[in-house]
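Protein chains in written order, with the working numbering: chain A, 1 to 285; chain B, 286 to 570.
Let me begin by presenting the structure, written as structure tokens, before commenting on it.
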């Protein structure tokens, strides 16, 4: 079974021992309920570093009051088996009380500029990226890794973490890892477990819609508004409640400038039954 | 002359080389214009660690729009001589452009809870402690020290940094160092240079006023309001414009609870001519 520690002191002791041997350390922060997408991040970290720490922590600070904090699936024993099988070296599984001894509302916070945190998912989840940036800063200070791997499925989260690291000079290299998909295109996500059988059959339409917009925009950047509007109508007709569907600069997440020839992405979030699904695709160059 | 580096890469190279030798690293962040008070911090750091890094950086993010950012004294050559003489090992002197490549307003920030940052100096200097916490987080990530030394003269700053470190799990031990004073009691400060000769003669009255309140409160905790009011009247009569003068819990900076037997401090800030002087003293137990 993978070695599992709850206390920051025990974590730091192990990482220090590795450092003393001259070994590099990679880090994959997760909320657990691990699927193939997470394991792909661990494999990326293993390729980049001698030892890999995975954390499992369902972070209350990044959940809104009406969100699924309590319902979020917790499957530690299965997660441990998967991490052992993939070859991760240490699982860090702190308690909420250890991470937020005075409660998350009383904790100092990391604020990434609003231009990055108040758009897209941040617009419908106020405070979400404050919670994400804060817990990742804390975890970076606990683990002190050389690199950390984040999935591109949560592209805005990746950009927020990159920005925090650059702005606050964290000595951690951030690695983005491509989205892993089911054979029908649905992005792997722990929240897919919320889908009923019939919703699961409809779910890949989100990815198809983003692909459709990406293809249309690749052919003609002047057609963004039209392509997005038609995709939203199509998704709503299939039973999605669309939260946003937008074309953005893939690196800065700024609104695209018509004249600039920068890489673009199409990002979307939509409710389907109990699940809120998010996904994004690159616009072909 | 003390080795001086401007680039974070050069700083990290030197610190890594020390780490590889098994040496511990202490850190003293300053805004330069070094006086005996700063050198006492360096001596403390030297007692606690094998190598000591001092930074000199006048941090624009902690100055308000109407404050003395431009006037703040910059005396690098003299500072280097003093640091060499006291035995510091490395001076880190980054440019504003290196610390805030996109400007400080566009930089991610560290927010310590308002209960600690919006009182005392924070009440009259909005955003000040946001700037302090952010630059110290950045410097900690650049230097990666084992310990860092801060003067107790800036007691609120010390408490803000302690809180930030604890809340965000920075692996840095924070050490508070006693206030160094002139023989007449005036706390050493770079801003004392703003005083005219006659103001300098009056300046120790701030410390005397704080001492008077501390003595009165030590004798009778029920007399706080009366002692503070009389001290303020006395200071204003001598030409000070009092910003605040308060009795607070010395560790949490919360308002004192009459029944509790916790350590107290008297903190004050007052304008005298061009200078804004701050000081604090412990209430005798």
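For glycine and all other residues, C-beta sits at the position ideal for the given N, C-alpha and C.
Nothing here was measured: the structure is a model prediction, and the numbers come from that model.
Rounded separation between residue i and residue j - CA only
| i | j | result |
| --- | --- | --- |
| residue 330 (chain B) | residue 307 (chain B) | 17 Å |
| residue 570 (chain B) | residue 503 (chain B) | 7 Å |
| residue 419 (chain B) | residue 312 (chain B) | 16 Å |
| residue 559 (chain B) | residue 91 (chain A) | 56 Å |
| residue 505 (chain B) | residue 540 (chain B) | 16 Å |
| residue 301 (chain B) | residue 372 (chain B) | 20 Å |
| residue 524 (chain B) | residue 140 (chain A) | 50 Å |
| residue 488 (chain B) | residue 471 (chain B) | 7 Å |
| residue 37 (chain A) | residue 568 (chain B) | 58 Å |
| residue 228 (chain A) | residue 245 (chain A) | 7 Å |
| residue 334 (chain B) | residue 13 (chain A) | 20 Å |
| residue 173 (chain A) | residue 427 (chain B) | 14 Å |
| residue 365 (chain B) | residue 391 (chain B) | 31 Å |
| residue 93 (chain A) | residue 5 (chain A) | 6 Å |
| residue 486 (chain B) | residue 557 (chain B) | 11 Å |
| residue 10 (chain A) | residue 233 (chain A) | 52 Å |
| residue 18 (chain A) | residue 188 (chain A) | 32 Å |
| residue 553 (chain B) | residue 363 (chain B) | 30 Å |
| residue 288 (chain B) | residue 328 (chain B) | 17 Å |
| residue 181 (chain A) | residue 383 (chain B) | 40 Å |
| residue 493 (chain B) | residue 484 (chain B) | 15 Å |
| residue 76 (chain A) | residue 353 (chain B) | 55 Å |
| residue 118 (chain A) | residue 252 (chain A) | 13 Å |
| residue 128 (chain A) | residue 70 (chain A) | 16 Å |
| residue 293 (chain B) | residue 314 (chain B) | 14 Å |
| residue 1 (chain A) | residue 84 (chain A) | 6 Å |
| residue 64 (chain A) | residue 405 (chain B) | 32 Å |
| residue 339 (chain B) | residue 279 (chain A) | 46 Å |
Bridge partner(s) assigned by DSSP for residue i
| i | result |
| --- | --- |
| residue 147 (chain A) | A:26 and A:173 |
| residue 268 (chain A) | A:245 and A:279 |
| residue 338 (chain B) | B:312 and B:375 |
| residue 290 (chain B) | B:377 |
| residue 181 (chain A) | A:187 |
| residue 45 (chain A) | According to DSSP, residue 45 (chain A) bridges with nothing at all. |
| residue 394 (chain B) | A:111 |
Cβ neighbour criterion (16 or more within 10 Å) applied to residue i
| i | result |
| --- | --- |
| residue 154 (chain A) | buried |
| residue 337 (chain B) | buried |
| residue 532 (chain B) | buried |
| residue 131 (chain A) | buried |
| residue 407 (chain B) | buried |
| residue 441 (chain B) | buried |
| residue 452 (chain B) | buried |
| residue 231 (chain A) | buried |
| residue 126 (chain A) | exposed |
| residue 347 (chain B) | buried |
| residue 332 (chain B) | exposed |
| residue 262 (chain A) | exposed |
| residue 101 (chain A) | exposed |
| residue 222 (chain A) | exposed |
| residue 115 (chain A) | exposed |
| residue 393 (chain B) | buried |
| residue 607 (chain B) | Given a span of 286 to 570 for chain B in the structure shown, any question on residue 607 (chain B) remains unanswerable. |
| residue 183 (chain A) | exposed |
Residues near residue i in its chain [Cβ-Cβ closer than 8 Å; skip 5 each side]
| i | result |
| --- | --- |
| residue 449 (chain B) | 395, 397, 418, 421, 422 and 455 |
| residue 73 (chain A) | 32, 33, 190 and 193 |
| residue 351 (chain B) | none |
| residue 161 (chain A) | 132, 133, 136, 148, 150 and 174 |
| residue 124 (chain A) | 243, 244 and 269 |
Beta-carbon proximity list for residue i, same chain, < 7 Å, skipping 5 on both sides
| i | result |
| --- | --- |
| residue 461 (chain B) | 435, 437 and 443 |
| residue 463 (chain B) | 437 |
| residue 555 (chain B) | 491, 520, 525, 526, 527, 528 and 562 |
| residue 39 (chain A) | 82 and 86 |
| residue 535 (chain B) | 548, 549, 550 and 567 |
| residue 429 (chain B) | 300 |
| residue 326 (chain B) | 313, 434, 436 and 462 |
| residue 481 (chain B) | 558 |
6 Å CB neighbourhood of residue i in its chain, flanking five on each side removed
| i | result |
| --- | --- |
| residue 566 (chain B) | 495, 496, 499 and 551 |
| residue 389 (chain B) | 345 and 346 |
| residue 216 (chain A) | 223 and 227 |
| residue 374 (chain B) | 336 and 337 |
| residue 309 (chain B) | 334, 335 and 431 |
| residue 320 (chain B) | 473 |
### Task
Pair every Cβ in the stretch 256-264 of chain A with every Cβ in the stretch 342-351 of chain B, then say whether three or more of these pairs are closer than 8 Å.
They do not touch, by the three-pair rule.
### Message
Beta carbons nearer than 7 Å to chain C: which residues of the stretch 141-154 of chain A have them?
### Response
The displayed structure is made up of protein chains A and B, and chain C is not among them.
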